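Positions 1094 to 1158 (this note's numbering) are the ones given, in order, by the sequence shown. Glycine residues also receive a C-beta, built at the ideal position from the N, C-alpha and C atoms. Note that the structure is a prediction, hence the values are computed from the model and not measured. Reading through the structure tokens given below for one structure.
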Amino acid sequence: MIAKYMEEIDEVNQIKDISKIKPDIIPFKCPNCQGYGTVQYGKKVCHSCSGKGYILVNQKEVPNG
Ligand SMILES: [Zn+2]
């Protein structure tokens, strides 16, 4: 029984390790097209995100406080 509990604790620790990972580049919904990838009711491809609907923000470029 104890060994079973130890396995569960290991699993929890692994999940915590995964949550610690902070990617340098995080995708955000494009503020120009609101994530649609197109502007002007779909007539034009959004230039901010090249039609992807999201933009990649480099977290290292954002100062923390
Ligand atoms: Zn866009």
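Counting only the Cα atoms, lysine 1115 lies some 25 Å from serine 1143.
The Cβ-Cβ distance between valine 1132 and cysteine 1123 does not fall below 7 Å. Checking the DSSP bridge columns, you'll see isoleucine 1118 partnered with Asn1151.
Near ligand 1, meaning a beta-carbon closer than 5 Å to one of its heavy atoms, we find Cys1123, Asn1125, Cys1126, Cys1139, Ser1141 and Cys1142. The three-state secondary structure of lysine 1113, taken from DSSP, is helix.
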